[in-house]
Structures are given as C-alpha cells and as structure tokens.
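To start, the structure itself, in structure tokens.
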Amino acid sequence: MDKIKELLERTGPLSGKEIRDESGLDEFSLWRICSESGDIVLRTSGKRFLRLDSSIKGYARLSPSIKREFLTYTVAGLKKDSREIKIKTESIHNEIKNISKQKLELARDVIKKIVISQKKPEILTGCACFIIAGDIVYGMAHSEPRPETSTNEVVRGSDLDIIVVTENLSGKILKDLDRSIYQEKYYLIKSPSYREEIDYIIKDIQKVRIQLNFNNFKSMVASKILHEGEFLYGSGEIFRKIKKMLAEKKIPEKLLALEKEAVINRKNAESRLLESTGVFPEEECMKLFYTKQEREEIF
692 MDKIKELLER
702 TGPLSGKEIR
712 DESGLDEFSL
722 WRICSESGDI
732 VLRTSGKRFL
742 RLDSSIKGYA
752 RLSPSIKREF
762 LTYTVAGLKK
772 DSREIKIKTE
782 SIHNEIKNIS
792 KQKLELARDV
802 IKKIVISQKK
812 PEILTGCACF
822 IIAGDIVYGM
832 AHSEPRPETS
842 TNEVVRGSDL
852 DIIVVTENLS
862 GKILKDLDRS
872 IYQEKYYLIK
882 SPSYREEIDY
892 IIKDIQKVRI
902 QLNFNNFKSM
912 VASKILHEGE
922 FLYGSGEIFR
932 KIKKMLAEKK
942 IPEKLLALEK
952 EAVINRKNAE
962 SRLLESTGVF
972 PEEECMKLFY
982 TKQEREEIF
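Numbered continuously in this note's numbering, the sequence shown closes out at residue 990.
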C-alpha cells in the first residue's frame, strides 16, 4: 500500500492502467489496495450498464467489469489532490465520449458506403434497418488494444456492433449485402489506418418477433441488444416497428429487473473480493472481477 501511495505522491493522480504499468502489480491486488486505502480516492467516469453473461448464474452482470472499470475508467489519487483527480476524471470522460462518437460516425459511414454500392440501394434503404448497439450507444467505447478472435489481429478497443433487420428482402440481395459487410469487416481489421472490428448479424423481422419471446439466453441477448440499439441507417419504419414490438413484449421492464439484479451482484462481488484473504477468491466472484472477453456476442 505504501508503494502505491508513494507513486501517487510522486506522479499525481493516475488511471488504474497507469498505476499497473508503473507499479508492476497485478490488477486485482491494485484494485484491492486502492479500494481499501483510506488515503486514496477513486473516481470513475462513464456509466455501468447491463451485460448478459452465460457464465454467470442468472446471466445478469454489469459492464464494464470491475477490472475494465478500474483500468480504463477510474482515476486514483491522494486526498490532497482532489482538484487534479477531478480534472483527470473529466479528461477520461471526454476521451471516451469522443471515442464513442468517432466509432459511431465510422459505423454510419461504412454502412452508408456499403448500401450505396449495392445494385439496388433504394430497396435496401426501404427494407433494411441498420442498428448500432454495444459500448458505443452508452458513450462507453474505449480504444484499448485487444485481439480480434477470428484473425488474432490487434484491434482498437470496442467493436462496432451492428444489427441488420430486414423485411421482405430477396435471398440474392441478402447474400450480396452479407458479402459486402464481411469484406468491409475484414478490411477494417487489417487496415493500419483503422484496426476496427465490425460485429454484425443480419436477420429477418420474423426472427426478431420470435426472439422477443425472451425464453432462452440467446433470445434474451438479442432482445437486450435491440432494446439498447440506436438507429444507424436504412428504414426508420422498421426501426419504429421493432421498438413497438419490444414495448408490447415488455422487454424494457424485464431488462430493468435484470439490471437491478446485476447491481446487487456487483455489490456482493465487490464485498466478497475485498473481504477475501486467499490468493484466489471464489470462482463465481472472480468472474465478476474480470471477463475473458469484455464484449457480448450478438444473436
């Protein structure tokens, strides 16, 4: 603990990642030290939101995970440096807002370019709705390098979650659209100018209707993503229809109940992690400290 206080005395307030890099200590030990010290102040930027995780009992957890929140969104400093802590926290907040905005603009530009390049773009704009979801819609996108799973290429932080909902589109048009998005996905991953990942799915509105039954893990994830999703491009009519369907199925209320459960889970996890005296706290609790992948598969 003295080592961390001496570091903060010398450098002033630091993010969790900066403390880890400077001290060489592991993230869990650092989080515990900073959380338990009466001399260290922690301030966090951004917001927490619901994430569904099949490895968690009841599926409900909060994102960012404790580890991601500490490393990327949290500032630690000594009590006497309260002004500097506030300034650095605001700087991080502005940075993640700007990253989210830039990723949103990139997603919209990419989708617009893809649609315009199709043989019959006017059909797509009327019969397909492109929805953006994930970290971006919460203004919580980050640019911390991470490996993309299919290529193992290093990409820049939060991916671009895009859901394409179609209505009465021919198989040929769907196939061409899928090919175009996949080609752009590969280009953005490989291009040194971008190093961004598009995670996308194309589905018919009839499939959406079935998924909104909210009766298994995949349908719950699909419903949550559509609920949080914001309009990106294409048919506004389809987008409004989806939001109406969500309301009719009471998806917002179901997700709110899960979010309340996730808040309780987070508080309990933090308490158990801080109270633990062993090197490895109980497995279920550690799942809430960090995740192998701070992202959510889309269905």
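Every residue gets a Cβ at the ideal spot worked out from N, C-alpha and C, and that includes glycine. Everything numeric in this text was worked out from a predicted model, so none of it was measured.
Whether residue i touches residue j by CB criterion (8 Å)
| i | j | result |
| --- | --- | --- |
| Glu-887 | Val-846 | yes |
| Ser-914 | Ile-933 | no |
| Glu-697 | Val-801 | no |
| Gln-809 | Ser-871 | yes |
| Glu-835 | Gly-817 | no |
| Lys-803 | Val-856 | no |
| Ile-823 | Asp-850 | no |
| Gln-940 | Phe-905 | In the sequence under discussion, the amino acid at residue 940 is Lys, which differs from the Gln named in the question. Result yes, Cβ atoms of Lys-940 and Phe-905 sit closer than 8 Å. |
| Leu-965 | Glu-760 | no |
| Glu-921 | Val-828 | yes |
| Gly-737 | Ala-819 | no |
| Leu-868 | Leu-917 | no |
| Phe-821 | Leu-923 | yes |
| Thr-765 | Ser-861 | no |
| His-833 | Ile-892 | no |
Inter-residue Cα distance where the pair is residue i and residue j
| i | j | result |
| --- | --- | --- |
| Leu-937 | Glu-919 | 11 Å |
| Ser-773 | Leu-949 | 35 Å |
| Asp-852 | Ser-754 | 15 Å |
| Asp-717 | Met-831 | 24 Å |
| Phe-719 | Leu-769 | 20 Å |
| Asn-907 | Leu-762 | 33 Å |
| Ile-757 | Ala-953 | 13 Å |
| Arg-711 | Asn-843 | 24 Å |
| Ile-901 | Leu-865 | 20 Å |
| Val-912 | Ala-960 | 22 Å |
| Leu-743 | Tyr-873 | 26 Å |
| Glu-713 | Asp-730 | 19 Å |
| Glu-944 | Tyr-877 | 37 Å |
| Phe-980 | Lys-958 | 11 Å |
Bridge-paired residues (DSSP) for residue i
| i | result |
| --- | --- |
| Lys-894 | Val-856 |
| Ala-832 | Beta-bridge pairing links Ala-832 to no other residue. |
| Val-732 | Gly-768 |
| Val-899 | Bridge partners of Val-899: none, in fact. |
| Glu-921 | Ile-823 |
| Ser-706 | Val-766 |
| Leu-946 | DSSP output for Leu-946 lists no bridge partner at all. |
Cβ neighbour criterion (16 or more within 10 Å) applied to residue i
| i | result |
| --- | --- |
| Asp-826 | buried |
| Gln-897 | exposed |
| Pro-812 | exposed |
| Asp-693 | exposed |
| Gly-927 | exposed |
| Thr-840 | exposed |
| Arg-931 | exposed |
| Leu-947 | exposed |
| Thr-702 | exposed |
| Asn-956 | buried |
| Pro-838 | exposed |
| Gly-715 | exposed |
| Ser-791 | buried |
Check: residue i C-beta below 7 Å from any heavy atom of the ligand NAP
| i | result |
| --- | --- |
| Leu-797 | Because no ligand of any kind appears in the structure shown, any question about the ligand NAP cannot be addressed here. |
Q.
Would you call the segment 741–759 in contact with the segment 779–793, where contact means no fewer than 3 C-beta pairs closer than 8 Å?
A. no
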